[in-house]
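With the sequence shown counted from 1, adding 49 to any position gets you the working numbering.
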Amino acid sequence: MPGRAFSPKLPFILTRVLFYAALVVPRVNIRRLLFVPILLLCIFIALYTTVDNTYGDFVKGMSLGTTLFGASDYLLLCSDVQEDIRFEGQKEGMHSKPLMERMVWALRMCMNLRGVGTNIEPTRHLPPRPSRTESRKTYILKQLAWLALYAPLWYMVVEFNRWNPRFTEEPSSLGVPRDGFPWWWRVTIWGTMFDIYFSMSTINSVCSILSVGLKISKPHEWPAMFASPLEAYTLRRYWGQMWHQTYRRFLPAHTNYAASALRLPPKSKITTYFKLFLSFFLSGFIHFLGDYMYTEALFGGAINYFVLNACAITLEDMVIALGKRAGLRESWRWRLVGYVWVLFIFTILLPGWHDARLTILSRLHSVKAA
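If you want it as C-alpha cells, here you go:
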C-alpha cells in the first residue's frame, strides 16, 4: 500500500513475544511497563506496515486489536494475573513458581483466549466441553471428521464470496452498480458470516488436534468454536451463545472497569446497557483496525455496525419484556419468529458496513488502474 513500506511480520512477532514475556515475569510493575512497547508496536504496525493483501491486512489489524486489549486486560487491569487466573487443579498462583512452570502457564494463557479450564471460564457462554473420559485417539478422530466437513465447505463459501458480484471489490461483472442490485441480493452477505464460521472452526480443529496429539492439553479443554445455530433465536443469544466467544474475557474486563470508574450502580439497568454498548463499541473498534489496515481510511462502518447491533438487542429486550408481561411464553413458534428476526437484522445491517468498505476499495482500485 502507498506509504506503507514495512512488513508486519517482525513487529507483530515482537508484540507476541513481549506479551508472552510479560506473562512470565513475576513482578507486576515490569508487566505493566511492558505494555508500553506493545502499544507502540501496535501503532507502528497499523500505520506503517502491510502484507499487500486486503484480507491479510484485515486479519492482521483485528489481531492487533485482540492483542492490545488482551494485553491491557492481563497486564494493566488484573491486579496480578499470575495470582488471579488459575487453571483447573492449580491450587496456588504462579508468582512464586519456577521459571519453567511460569513459561508453560504463560504459553497456555496465550493459546486460550476464551479462558477454557480456568477460574475465569465463561462456562454458560461456551459450547459443551468434550467428556473428560474421552480418549485422545477418539477425540482426534472426531476432529478429523469435522475437518473433512469444514474444509470443503469453507472452500465453497470462499469461492462463492469471490464470485458474488454484489459484494466484490472490483466493478460488478454483471455491469450493474452495487446499489442497483435487487434488495434480495443483500441476503448473500451471509456468505461472509459462513466464511468466518467455517474458517475459525477449521483452525480450531487443527489447533486442537495438534495440541491434544502433542499432549499439551486434554480433549475436554477444547469446546467447539461455535455453538449450534439453533441457539441463535434472539440477537442477544446469537452474540452471547452461538457466535465465537474469543472476546468474552477482555471485553467484560474493560467494561466492568469503565463502569466502576464511572461509579455506576452495580446490577442496575443503566449499568447493564452501558456495558452492552461499550462492549459492542470496543468490538467495532477492533474490526475498525482491520478495516483501516487495508483501506487506510478512517471510516466508521465497523463501529456503526456493532453499535447498531447493541441498539437492536436493546429493542429486542424491550419487546421480550413486554411479551412476558402480556403472558406470552417461549415456544417453538416464537423461536421461529426469533430466527427470522436475527436473519433480518444481519441482512439489513451487515451490507451497510461492507458497502462502505467496498466503495473505498473500488476507489483504490480505480486510482491504481489510472
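Every residue gets a Cβ at the ideal spot worked out from N, C-alpha and C, and that includes glycine.
For asparagine 353, the enclosing alpha helix (DSSP H) has its first and last residue at 350–374.
The three-state reading of DSSP puts phenylalanine 334 in helix, counting H, G and I together.
Taking alanine 273 as the centre and dropping the five residues before and after it, the same chain places the C-beta of Pro176, Ser250 and Asn253 closer than 8 Å to its C-beta, in chain order. Between leucine 193 and arginine 185, the alpha-carbon positions lie close to 12 Å from each other. Shown here for aspartate 340: same chain residues with a beta carbon closer than 8 Å to its own, the five before and five after excluded, namely Phe107, Gly110, Ala346, Phe348, Gly350, Ala351 and Arg406 in chain order.
In summary, leucine 148 is exposed, with fewer than 16 beta-carbon neighbours lying within 10 Å of its beta-carbon over all protein chains present. Leucine 398 and asparagine 358 do touch by the CB rule: their CB atoms are close to 7 Å apart, below 8 Å. DSSP, read as helix, strand or coil, puts phenylalanine 275 in coil. For asparagine 210, the uninterrupted alpha helix (DSSP H) segment begins and ends at 185–212.
Comparing C-alpha distances from threonine 408 to each of Tyr388, Thr344, Trp212 and Tyr354 shows the shortest one belongs to Thr344.
Residue pairing by DSSP places threonine 167 opposite Phe136 in a beta bridge. In the DSSP assignment, valine 74 falls outside any alpha helix (DSSP H), carrying neither H nor E. Assigned with DSSP and collapsed to three states, threonine 99 falls in coil, not helix or strand.
In the three-state reduction of the DSSP assignment, phenylalanine 230 falls in the coil class, being assigned neither a helical nor a strand state. Cβ-Cβ distances below 8 Å link aspartate 129 to Val77, Gly142 and His144 in the same chain, with the five nearest sequence neighbours on each side left out; the list follows chain order. In the displayed model, phenylalanine 216 falls within coil according to three-state DSSP, outside both helix and strand. Straight-line spacing of the CA atoms in serine 260 and asparagine 168 works out to 21 Å.
In this structure, threonine 99 sits near methionine 342, with a CB-CB distance shorter than 9 Å. Just so you know, the alpha carbons of histidine 403 and proline 179 end up roughly 36 Å apart. When only Cα atoms are considered, tyrosine 296 and phenylalanine 329 end up about 11 Å apart. With a cutoff of 9 Å on beta-carbon distance, valine 391 and tyrosine 246 are scored as not near each other.
Here phenylalanine 393 is exposed, its C-beta having fewer than 16 other C-beta atoms within 10 Å. Leucine 125 is a Cβ neighbour of phenylalanine 84, given a cutoff of 9 Å. Between glycine 401 and tyrosine 354, the gap from beta carbon to beta carbon is short of 9 Å. When the Cα atoms are used, arginine 382 and tyrosine 388 turn out to be separated by approximately 10 Å.
Residue burial annotation: tyrosine 287 is buried, with at least 16 other C-beta atoms found within 10 angstroms of its C-beta. Contact between proline 268 and glutamate 183 holds, since their C-beta atoms are separated by about 5 Å, short of 8 Å. Note that the C-beta distance between phenylalanine 230 and valine 206 is not below 9 Å. Following the DSSP letters along the chain, one finds cysteine 159 inside the alpha helix (DSSP H) bounded by residues 148–159. Three or more Cβ pairs closer than 8 Å define a contact, and the region 149–167 falls short of that threshold against the region 78–97. When Gly262, Lys373 and Thr172 are compared, the shortest CA-CA separation from methionine 291 is found for Thr172. In the DSSP assignment, the residues bridged to phenylalanine 55 are Thr98.
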